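Novice: Numbering (my numbering), first residue to last: 1 to 37.
Put into C-alpha cells, the structure is as follows:
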C-alpha cells in the first residue's frame, strides 16, 4: 500500500515530499484533505 500511496502522491501533490492532500495517520491509515490544509 505504501508504494501505491507514493505513486499517488507523485501525481496529486505539488511537492510529494511535503504532502498537503494525502496524509498518513499512524495506526489508522491514510486521509485525503481536498482543501490541502
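Glycine is no exception: its CB is placed at the ideal position from the N, C-alpha and C atoms.
Remember, predicted model here, so these are calculated numbers, not experimental data.
1) Compute the Euclidean distance between the alpha carbons of residue 1 and residue 21, then round it to the nearest angstrom.
2) What are the residues that DSSP puts in a beta bridge with residue 29?
3) Enumerate in chain order the residues of its own chain whose CB-to-CB distance from residue 16 is below 7 angstroms, with the five nearest sequence positions on each side excluded.
4) Which same chain residues, not among the five before or five after residue 14, have their C-beta less than 8 angstroms away from its C-beta?
5) Compare the beta carbon distance of residue 23 and residue 32 with 9 angstroms and say whether it is the shorter of the two.
Specialist: So, from the data block:
1) 17 angstroms
2) In DSSP, residue 29 forms a bridge with 25.
3) 9 and 10
4) 20
5) yes
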